[in-house]
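> First, the structure itself, so that you have it in front of you.
Protein chains: 2
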Amino acid sequence: MSGVVVPLKGEQSGKVKTASVEPLVELVRPDMERVNRLILSKCGSDIELIPEVARHLIDSGGKRLRPMLTIAAAAMCGYKGDHHVTLAASVEFMHTATLLHDDVVDESDLRRGKLAARMLWGNQASVLVGDFLLGQAFRMMVEAGSLQALDVLSHAATVIAEGEVLQLSTAKNLDTTQDEYMQVVKAKTAALFAAATEVGPILAGSGKAVTSAFRSYGNNLGLAFQLIDDALDYGGNAKTLGKNVGDDFREGKVTLPVLLCYRRGNDAERNFWREAIEHGKNDSSRLEEAMRLMHEHNALGDTLERARQYCELAQDALATFEDTPHKAALIEVLEYSLLRAN
Amino acid sequence: MSGVVVPLKGEQSGKVKTASVEPLVELVRPDMERVNRLILSKCGSDIELIPEVARHLIDSGGKRLRPMLTIAAAAMCGYKGDHHVTLAASVEFMHTATLLHDDVVDESDLRRGKLAARMLWGNQASVLVGDFLLGQAFRMMVEAGSLQALDVLSHAATVIAEGEVLQLSTAKNLDTTQDEYMQVVKAKTAALFAAATEVGPILAGSGKAVTSAFRSYGNNLGLAFQLIDDALDYGGNAKTLGKNVGDDFREGKVTLPVLLCYRRGNDAERNFWREAIEHGKNDSSRLEEAMRLMHEHNALGDTLERARQYCELAQDALATFEDTPHKAALIEVLEYSLLRAN
């Protein structure tokens, strides 16, 4: 898969890439420490099972990219209060709740390289602790006191659920069009990235032009993020992924690389994909064949090229803002995301 | 089961009981028509499966008692705006979302006398459409614009989830104490009744004394409501219940009548309950035996006596308010609830 990433505009090609998420992590570190403390305290409940299940996932080393976006966007817009910490924690709770419900819906065994909560405590606890965390997320939004932010985040909650429902109908369905697939990605992944980023400037009292720009950054980063994840599933390694290469294949997930391969293949190949995705013929020799077909049709390369275009849109969205360390860090996250797939 | 209901204070015993929910229904009818239209419009989504699943439950003839409480409480406190309609719809959506998730958690086959949504569309759709409705509920709360009402309702959302999780640990556990059981009922049922009623005066701008009084009415009605439901499961008929007599027994649910019978029984009886609740020995001859034991230990009578006491607390909570048709209707709901079990 080397060589498939085309650099973002304005970068010298041939330059050694060292883009990293570290500058962002450093800039938001003090606030993220407060976010992390808040997250732990809001997992608490007299009902012992709740913190147990919640912390299983929360301690499992997610990158907390979404809350970092809230913190960075608020700081970049000059916000001086404390509510960005509250909203950042609330965004992470929304995300965690979604993961708990997702695992039940997808019948997944693993999450971030650990057994999924549902494997340890059952589907029941996953559904209910997800509901609890969603409730806590809304309580924190109420605490933050911004009706505009509440509007953005509660809207995102419905859009995410719509995306997940839409995904049920595209699941194992190779007739899904690329448009339909991107609609799922926009709803189930990009909506929360967009909302998480937008609430930063909202807290800062920024006007429509600024909130829209940040929303656009978040939305496009979210789209790219999911496509990169789709590509990595056929080419990454378990350590980077927090899941195993081929998980999507074994679960019969229809993702962009699969759709590209399916449409570009001949009849025999399309038959191979139907057997694999729709009828569960997905042993390791078939995974190898799938990866060979991906290579032949440049499906991973084209998926990542699509991701690169979304990253450019995200970069453009921030173009008119003053150059600051926060802006540079947010741009570097885009580059890092693309490099992670390389 | 006749004769077990002791009339509320101030009623002449021996008088023929004609208490009904109709006076409340009549008073709130115009507003409830708006609530019902709003509910239907907010079920809408471009994703077809969502209105399909949501309407299956929403059209299934629930009494909509909770939103009626919001409407009546707002009217009784002199509220003149439109947001009580929005919050009433939002309360019903929270309730519907809970039912969808409940059916998955309980693995129930029936709901309100129809096949549960999960039996028709699978657990996946039930989880996700529940999430969608919860998101819509929050969006409507945001529309209503009262941070205080948002605080009350979002708090209720977390308490309900806590109650459901607590219920997992009491499920099929005959060592559950009555206190523990009532804690579950308070969280999973009474919390939403309390919040639904409290947001009425909150919208009207009433002070603490008034909002607390309405909250107390809702909370105690909710506690009574659940206990009456528990008793009816061993003595009602499928038409009144929307479920079959003995459903709780067959699902191995530990409810107050069961706990009373278990504690009051001899060793042989306690063994019978263990076999029935913990080991699924619950055929129809055993259900008959269970009902015989309930009679012997006056378990249903005492459960309903407990419900009657909660209804008195609810009545007391409204005692200091001026006598109005709304107040009379809310008191009559208490009497009706007790009579329904007679």
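Sequences listed follow chains C and P, in order. Numbering-wise, the first sequence is residues 38 to 379 according to this note's numbering. Numbering-wise, the second sequence is residues 38 to 379 according to this note's numbering. Virtual Cβ for every residue (Gly too), placed ideally from N, Cα, C.
Let me check understanding here. Comparing Cα to Cα, which of C:M105, C:S206, C:L229 and C:Q263 lies closest to H25 (chain C)?
Chain C is shown from 38 up to 379; residue 25 (chain C) falls before or after that span and cannot be answered.
> Buried or exposed for L367 (chain P), please, with buried defined as at least 16 other CB atoms from any protein chain shown within 10 angstroms of its CB.
As a position in the second sequence, residue 367 (chain P) is number 330, starting the count at 1. Buried.
> Does G150 (chain C) get closer than 8 Å to chain P when you measure Cβ to Cβ?
On the first sequence, residue 150 (chain C) is found 113 positions in, with the first residue counted as 1. The beta carbon of G150 (chain C) does not come within 8 Å of any beta carbon belonging to chain P, so the residue lies off that interface.
> Could I get the ranges of all uninterrupted alpha helix (DSSP H) runs contained in the stretch 214-247 of chain C, with 4 residues as the minimum, in chain order?
215-222 and 228-240
> Would you mind giving the Cβ-Cβ distance between E369 (chain P) and L61 (chain P), rounded to the nearest angstrom? I have them listed as a contact below 8 Å.
The residue labelled residue 369 (chain P) in the question sits at position 332 within the second sequence. The residue labelled residue 61 (chain P) in the question sits at position 24 within the second sequence. That pair is a contact at about 7 Å.
> Go through its chain and collect everything with a Cβ distance to V236 (chain P)'s Cβ below 7 Å, but skip five positions before and after it.
Within the second sequence, the letter at position 199 stands for residue 236 (chain P). Taken in chain order, the residues that qualify are T107, L124, A186, V189 and L190.
> I need the boundaries of the alpha helix (DSSP H) containing V189 (chain P), first residue and last residue.
Position 152 of the second sequence, counting from 1, holds the residue named residue 189 (chain P). Element bounds for V189 (chain P): L184 to T207.
> Please identify the residue among P:G317, P:L296, P:E288 and P:L269 whose C-alpha is closest to the C-alpha of L376 (chain P).
Reading the second sequence from its first residue, position 339 is the one you call residue 376 (chain P). Here the closest residue by C-alpha is P:L269.
> Scan the stretch 124-139 of chain C for residues whose Cβ lies nearer than 7 Å to a Cβ of chain P and list them as they occur along the chain.
H138
> Would you please verify whether the beta carbon of G242 (chain C) is less than 8 Å from any beta carbon of chain P?
For the purposes of this step, residue 242 (chain C) is taken as residue 205 along the first sequence, with counting starting at 1. So, not an interface residue.
> Under a Cβ-count criterion, where at least 16 other Cβ atoms within 10 Å of its own Cβ denotes burial, should A246 (chain C) be classed as buried or exposed?
Position 209 of the first sequence, counting from 1, holds the residue named residue 246 (chain C). It is exposed - the Cβ of A246 (chain C) has fewer than 16 other Cβ atoms within 10 Å.
> When burial is assigned at 16 or more other CB atoms within 10 Å of the CB, is E333 (chain C) buried or exposed?
Here residue 333 (chain C) corresponds to residue number 296 of the first sequence, with the count starting at 1. Counting Cβ neighbours within 10 Å, E333 (chain C) comes out exposed, since fewer than 16 surround it.
> Quick one: list the residues of chain P neighbouring F309 (chain C), beta-carbon separation under 9 Å, in chain order.
In the first sequence, residue 309 (chain C) corresponds to position 272, counting from 1. Residues of chain P passing the Cβ test: none, with the nearest at roughly 27 Å.
> Applying a beta-carbon distance threshold of less than 7 Å, which residues of chain C neighbour F175 (chain P)?
Residue mapping note: residue 175 (chain P) aligns to position 138 of the second sequence, counting from 1. By Cβ distance, chain C contributes F175, S191 and A194.
> So for R149 (chain C), helix, strand or coil by DSSP?
As a working note, residue 149 (chain C) is residue 112 in the first sequence. Three-state DSSP puts R149 (chain C) in coil, outside helix and strand.
> Can you tell me the Cβ-Cβ gap for A313 (chain C) and A327 (chain C), rounded? I've got them flagged as a contact below 8 Å.
In the first sequence, the residue the question calls residue 313 (chain C) occupies position 276. In the first sequence, the residue the question calls residue 327 (chain C) occupies position 290. Contact holds; Cβ gap of about 7 Å.
> Which residues in chain P sit within 7 Å of M161 (chain C), going by Cβ to Cβ distance?
On the first sequence, position 124 is the one that residue 161 (chain C) refers to. Met is not the amino acid found at residue 161 (chain C); the sequence shown has Gln there. Per Cβ cutoff of 7 Å: V142 and L205.
> Starting from R284 (chain P), trace the alpha helix (DSSP H) both ways and give me its first and last residue.
Here residue 284 (chain P) refers to the residue found at position 247 when the second sequence is read from its first residue. A quick correction: the sequence has Asp, not Arg, at residue 284 (chain P). Unbroken alpha helix (DSSP H) run through D284 (chain P): D284 to R287.
> Using 8 Å as the threshold, is the C-beta distance between D140 (chain P) and A154 (chain P) below it?
For the purposes of this step, residue 140 (chain P) is taken as the residue at position 103 of the second sequence. For the purposes of this step, residue 154 (chain P) is taken as the residue at position 117 of the second sequence. Contact flag set, yes.
> Looking at chain P, which residues of the stretch 233-257 of chain C have a Cβ within less than 9 Å of any of its Cβ atoms?
none
> Hey, does V166 (chain P) have any beta-carbon neighbour from chain C nearer than 8 Å?
Residue numbering aside, residue 166 (chain P) sits at position 129 when the second sequence is read from its first letter. So yes, V166 (chain P) belongs to the interface.
> Whole angstroms are fine: how far does the CA of G242 (chain P) sit from the CA of A181 (chain C)?
Stepping through the first sequence from its first residue, residue 181 (chain C) is reached at position 144. Stepping through the second sequence from its first residue, residue 242 (chain P) is reached at position 205. C-alpha separation (whole angstroms): 21 Å.
> Does N303 (chain C) pass the burial test, meaning 16 or more other C-beta atoms within 10 Å, or should it be called exposed?
Counting from 1 along the first sequence, the entry for residue 303 (chain C) is found at position 266. Answer is exposed; the Cβ neighbour count stays below 16.
> If we call anything under 8 Å between Cβ atoms a contact, is V128 (chain C) one with A250 (chain C)?
If you number the first sequence from 1, residue 128 (chain C) lands on position 91. If you number the first sequence from 1, residue 250 (chain C) lands on position 213. Taking 8 Å as the cut-off, the Cβ atoms of V128 (chain C) and A250 (chain C) do not count as close.
> What's the gap between the Cα of T213 (chain P) and the Cα of N256 (chain P)?
Here residue 213 (chain P) is taken as the residue at index 176 of the second sequence, counted from 1. Here residue 256 (chain P) is taken as the residue at index 219 of the second sequence, counted from 1. T213 (chain P) and N256 (chain P) have their C-alpha atoms roughly 22 Å apart.
> Leaving aside the five residues before and after N319 (chain C) along the sequence, list all residues of the same chain whose C-beta is less than 6 Å from its C-beta, in chain order.
Walking along the first sequence from the start, residue 319 (chain C) turns up at place 282. So the qualifying residues of the chain are F286, R287 and A313.
> From F358 (chain C) to M69 (chain C), what distance separates their C-alpha atoms?
If you number the first sequence from 1, residue 358 (chain C) lands on position 321. If you number the first sequence from 1, residue 69 (chain C) lands on position 32. If you take the alpha carbons of F358 (chain C) and M69 (chain C), they lie about 24 Å apart.
> Is it a yes or a no for the stretch 199-216 of chain P touching the stretch 159-175 of chain C, going by three-plus beta-carbon pairs under 8 Å?
yes
> Among P:A365, P:A91 and P:L350, which residue has its Cα nearest to the Cα of E63 (chain P)?
Along the second sequence, read from residue 1 onward, the residue named residue 63 (chain P) stands at position 26. E63 (chain P) has its Cα closest to that of P:A365, out of P:A365, P:A91 and P:L350.
> Please compile the residues from chain P whose C-beta is within a distance smaller than 9 Å of the C-beta of D188 (chain C).
Along the first sequence, read from residue 1 onward, the residue named residue 188 (chain C) stands at position 151. Contact note: D188 (chain C) reaches chain P through R176, V179 and E180, using a C-beta cutoff of 9 Å and chain order.
> For D336 (chain P), which residues in the same chain have their Cβ closer than 7 Å to its Cβ, ignoring the five residues on either side in sequence?
Locating residue 336 (chain P) in the second sequence gives position 299, where the first residue counts as 1. In the sequence as presented, Asp is not what sits at residue 336 (chain P); that position holds Ala. Taken in chain order, the residues that qualify are P294, L297 and C298.
> Does DSSP put N394 (chain C) in a helix, a strand or coil?
Outside the shown range of chain C, which is 38 to 379, sits residue 394 (chain C), and nothing can be said about it.
> Under 8 Å between C-beta atoms, does G115 (chain C) make it to chain P?
In the first sequence, residue 115 (chain C) corresponds to position 78, counting from 1. Closer than 8 Å: no.
> Report the start-end ranges of each alpha helix (DSSP H) in the stretch 51-134 of chain C that is 4 residues or longer and not cut off at the edges.
59-79, 86-95 and 102-113
> Is the distance from the Cβ of I95 (chain C) to the Cβ of F169 (chain C) below 8 Å?
Start at 1 with the first residue of the first sequence, and residue 95 (chain C) comes out as number 58. Start at 1 with the first residue of the first sequence, and residue 169 (chain C) comes out as number 132. Their beta carbons are not under 8 Å apart, which means I95 (chain C) does not touch F169 (chain C) by this criterion.
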